[in-house]
Ligand SMILES: Nc1ncnc2c1ncn2[C@@H]1O[C@H](COP(=O)(O)OP(=O)(O)OP(=O)(O)O)[C@@H](O)[C@H]1O
Ligand SMILES: [Mg+2]
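Protein chains in written order, with full-length UniProt numbering: chain A, 1 to 254; chain B, 1 to 254.
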């Protein structure tokens, strides 16, 4: 990666997300249960699991939004909340709806950019990159789901971070947008960044990700490459179905 | 900290609710003019009278409007989920909360003092040479009351911010602010004397005249607290509520 040019790649886990026995309990539900895995740079890591498996919770724990019951999550070898300019190290899209609807897209990005000393030029740049330049001055409340997803991706990209996390970013995107996300993820990974991407669209995941982490009921089910899984099963979807069959909590009666 | 302050400033100036609350506070100027014209006409008939000063009579309007601004600063983020987006960019919750408090304090103090002074000046200009009671003392005599009023507005707005953070609910925080400002003073009246006046002396609305070493009101009579003590009690309100709000933000998952 650009930021490491000049010196040999250090082994201090740069660009790595590391979960160590991460556990989160909400009252009676164990949302994340002793989860340990590592996400490395250079490729897209797909984060899969049935509804309620704990994917979103895991991402909130990594970002310090929720406090783990036990265990820890490290980014670049440190806890997220100890980062001084986190946007320059980690970018995240958790919930595209988590915006104040009364603010314009430009002002939304500007107020977030300012916290990490990112200038207005970069705001304009990411607006163009995600295709929202034309509606930059419009209120976010009037945006469609897909436009909000693009805005959320713009937020993640603002600090040009080495680590990126996206929770179901293709949700609500049109076919054009889905392809755009796929290309974006792959090019970000090709630049040497670390990408953790959750999605329920198996065919899309098969095209985008190189490695897969599957969780069920908060526990790690398998960590493998897409190639390994598609060698053992007819498709990624078949692999997913077979591996998670015991962990589906909210399935329809069959 | 400077970066987060400037971010909070962008947030404040980029939503309509800020201008609605400031507009509501500024209505005091119009009401003050109307009041002065009205009592001025009465005085023209009767020669002289003792009318209340508009910047004192309409003070609750400014206090309430800008308390709403304080509340919304945090509850609008909780309601929309924006708080999570904010905390991803500023993971240190103390920094985020202090910046919010700083911006609320600056914005409400500047607004309150402008509105109070404008009301003061316009009403005195319209009153002219008439004997209306409130326009017969020198500006230097009225200054302590004006400053105390302005401080009370900021104190209440910060109380709103603290309660908003503690309750994470716009409605809940607003009801509490209304209770502090209007309901509690009414209830305390029914306590047996001398406790009614002793406790009333500690209530927000009655601290303003005590800071300016004036009578609490014609009903309650002279104050109990010397100006410095009244000022200390006024500061205690936001200090206590902000502390509670901060712990809620710090301890609970976002
Ligand atoms: N704030 C919370 N309070 C209580 N329970 C929660 C909370 N957040 C998540 N949970 C519970 O934790 C479990 C995991 O939820 P999570 O949202 O992480 O799943 P997910 O894998 O993201 O699911 P989906 O694919 O549907 O998005 C669920 O049982 C959920 O009900
Ligand atoms: Mg989820």
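Quick reminder that beta carbons are idealized off the backbone N, C-alpha and C, glycines included.
Residue 100 of chain B is outside the set of residues whose beta carbon lies under 7 Å from a beta carbon in chain A.
In this structure, DSSP gives residue 253 of chain B a state outside helix and strand, which the three-state scheme calls coil. Residue 56 of chain A has its CB nearer than 6 Å to a heavy atom of ligand 1.
In this chain, residue 169 of chain B is not harboured by any beta strand (DSSP E), its DSSP state being neither H nor E.
Counting along the chain, the unbroken beta strand (DSSP E) around residue 32 of chain A starts and ends at 29-39. Under the three-state reduction of DSSP, residue 26 of chain A is assigned to strand. Residue 103 of chain A sits buried, since 16 or more C-beta atoms from the chains shown fall within 10 Å of its C-beta. Listed along chain A are 95, 97, 98, each with a C-beta nearer than 7 Å to that of residue 81 of chain B. The three-state reading of DSSP puts residue 57 of chain B in helix, counting H, G and I together. Nearest CB-CB separation between residue 11 of chain B and chain A: below the 7 Å threshold. Remark: the shortest separation between the CB of residue 49 of chain A and any heavy atom of ligand 1 falls under 6 Å. Going by C-alpha positions, residue 119 of chain A is about 11 Å away from residue 126 of chain A. For secondary structure counted as the alpha helix (DSSP H) over 4 or more consecutive residues, the segment 106-171 of chain B holds these complete runs in sequence order: 139-167. Contact note: residue 104 of chain A reaches chain B through 14, using a C-beta cutoff of 9 Å and chain order.
In this structure, the CA atom of residue 79 of chain B is about 20 Å from the CA atom of residue 92 of chain B. Relative to the Cα of residue 129 of chain A, the nearest Cα in the group A:168, A:111, A:180, A:84 belongs to A:180. Residues of chain A with a Cβ closer than 9 Å to the Cβ of residue 248 of chain B do not exist, since the nearest Cβ in that chain sits about 14 Å away. The three-state reading of DSSP puts residue 76 of chain B in helix, counting H, G and I together.
Beta-carbon to beta-carbon, residue 35 of chain A and residue 218 of chain A are separated by about 7 Å, close enough to satisfy the 8 Å threshold.
In the three-state scheme derived from DSSP, where H, G and I count as helix and E and B as strand, residue 47 of chain A is classed as strand. Residue-level contact by beta carbon holds for residue 253 of chain B and chain A, with a gap shorter than 7 Å.
For residue 173 of chain B, no Cβ of chain A is located within less than 7 Å of the residue's own Cβ. For residue 193 of chain A, the secondary structure class from DSSP, reduced to helix, strand or coil, is coil. Nearest neighbour of residue 198 of chain A by Cα position, chosen from A:210, A:105, A:139, A:27, turns out to be A:210.
Secondary structure of residue 212 of chain A (DSSP, three-state): strand.
For residue 64 of chain A, the nearest beta carbon of chain B is closer than 7 Å to its own beta carbon.
A direct Cα-Cα distance of roughly 49 Å separates residue 225 of chain A from residue 162 of chain B. Assignment of residue 214 of chain B by DSSP, reduced to helix, strand and coil, places it in the coil class. Distances from the CB of residue 26 of chain A to the heavy atoms of ligand 1 include at least one below 6 Å.
Only residues of its own chain outside the window of five on either side were considered, and among them 197, 198, 201, 210 have a CB closer than 8 Å to the CB of residue 224 of chain B, listed in chain order. Against chain A, the CB of residue 69 of chain B has no partner CB under 7 Å away; the residue lies outside that interface. Per DSSP, residue 165 of chain A lies in no alpha helix (DSSP H); the unbroken beta strand (DSSP E) holding it starts and ends at 163-167. Taking C-beta atoms as the reference points, residue 110 of chain A and residue 124 of chain A fail to come closer than 7 Å. Secondary-structure assignment with DSSP links residue 90 of chain A through a beta bridge to A:163. Proximity of the beta carbon of residue 243 of chain B to ligand 1 is not indicated: no heavy atom of the ligand is located closer than 6 Å.
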